[in-house]
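Read left to right, the sequence shown gives residues 29 to 274 (the working numbering).
Every residue gets a Cβ at the ideal spot worked out from N, C-alpha and C, and that includes glycine.
For clarity, every value in this text was computed on a predicted model and none was experimentally measured.
Everything on this sheet refers to the single structure shown next.
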Amino acid sequence: MTATETTDLQCLPQAVAVLFDFNGVLVDDEPIHYQAFQNVLGAAGRTMHPDVYRRYLGLDDRGTFVAFLREMGDLIPDEEIAQWVARKQAVYAALLEHDRRQGRAHLFPGAFDLVHSLHDAGVPLGIVSGARRAEIEASLMGGGLTKCFRVIVAAEDVPACKPDPAGYRLAYERLRAICPGIVSGVAIEDAPAGIAAARAAGLRCVGVTTSCTPRELVGADRIVHTLREIDPRRAIVPSQAAEEMT
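And the structure:
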């Protein structure tokens with residue numbers, strides 16, 4: 029797997045694996061995650077500013093708590109952090125269920141159409157996320173996307189969260205086992221940690237400015253403001269040859 033291989037979906041759709049981050053890329057639920065973190069931290073007499081939370085985008089729940097506590101200089105036993113994670117996940121699930129009952133959809137504009145267009149064209153699709161599998165599958169089912177993804181790598185599937193590349197490597201390997209014709213991969217990410225993970229795994233990367241500024245996504249090969257800017261009939265990122273000619 030190399031970053032210089034083709035990402036031209038029109039010519040070779042089955043040769044390019046497209047791996048999506050989940051929260052902040054497909055599903056607009058980062059505010060719900062933040063609210064859930066605040067709920068748990070508030071009960072413990074702490075608060076996390078939104079700008080601080082943005083620095084932890086791409087981390088899993090435990091990683092976010094650990095990074096925040098380290099930054100605050102707090103020492104909390106691992107057992108207590110595990111309890112915080114469990115409470116945060118319960119609060120998140122309750123908030124999401126409340127929104128579902130209110131008829132609120134959380135897919136980003138363009139997400140449904142892009143995913144289905146890629147799937148219908150035969151492009152192998154996967155998800156690599158720091159969210160739990162149960163959270164991912166529930167949102168995919170609610171958004172009508174379940175059938176489109178052949179591989180899901182969730183927080184519990186890898187020993188380390190992003191920016192570690194383990195999740196992207198595992199997803200790419202699993203997709204290649206299903207689709208041996210894959211020769212390259214592209215990740216779609218919204219945070220620096222995710223971009224770093226994708227690049228370390230040898231993938232090209234598209235950064236979406238749903239959570240961060242273009243400057244913060246500087247490691248991406250291409251930056252878009254919404255998923256609607258990605259044309260499933262064309263290369264997701266420019267080819268290496270095209271870049272060298274410009």
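Looking at C-alpha atoms only, which residue of the options is the closest neighbour of residue i?
i, options, result
"residue 54", "91, 265, 101 and 253", "253"
"residue 58", "161, 218 and 212", "218"
"residue 143", "109, 175 and 82", "175"
"residue 141", "255, 264 and 93", "255"
"residue 98", "80, 197 and 236", "80"
"residue 139", "90, 177, 232 and 70", "177"
From what residue to what residue does the alpha helix (DSSP H) around residue i run?
i, result
"residue 166", "161-171"
"residue 129", "106-129"
"residue 201", "194-206"
"residue 223", "220-228"
"residue 69", "58-71"
"residue 98", "89-100"
Where does the unbroken beta strand (DSSP E) through residue i begin, and where does it stop?
i, result
"residue 243", "That residue, residue 243, is in no beta strand (DSSP E); it is neither H nor E in DSSP."
"residue 155", "153-156"
"residue 258", "Unbroken run through residue 258: none, as it is neither H nor E."
Kindly list the residues whose CB is nearer than 6 Å to the CB of residue i, restricted to its own chain and excluding five residues on each side of it in sequence; keep chain order.
i, result
"residue 193", "225, 228 and 229"
"residue 41", "149, 150 and 151"
"residue 195", "156, 181 and 186"
"residue 202", "179"
"residue 271", "Low local confidence applies: a pLDDT of 39 at residue 271 is under 50, so the model's placement there is unreliable, with the coordinate-based value given in what follows. Excluding residues within five positions, none has a Cβ falling inside 6 Å."
"residue 104", "97"
Kindly list the residues whose CB is nearer than 8 Å to the CB of residue i, restricted to its own chain and excluding five residues on each side of it in sequence; keep chain order.
i, result
"residue 119", "63, 64, 67 and 68"
"residue 49", "86, 155, 156, 157, 215, 216, 217, 218, 219 and 222"
Does the Cβ-Cβ distance between residue i and residue j come in under 9 Å?
i, j, result
"residue 51", "residue 158", "yes"
"residue 179", "residue 199", "yes"
"residue 82", "residue 212", "no"
So, at 7 Å on beta carbons, what are the nonlocal neighbours of residue i in its own chain, with the 5 sequence-adjacent residues on each side left out?
i, result
"residue 160", "117, 182, 183 and 184"
Counting Cβ pairs closer than 8 Å, one from the stretch 128-141 and one from the stretch 160-176, do we hit at least three?
Verdict: yes, contact present.
Does the stretch 203-210 touch the stretch 180-191, meaning 3 or more C-beta pairs lie closer than 8 Å?
Because the criterion of three Cβ pairs below 8 Å is not met, the stretch 180-191 and the stretch 203-210 do not touch.
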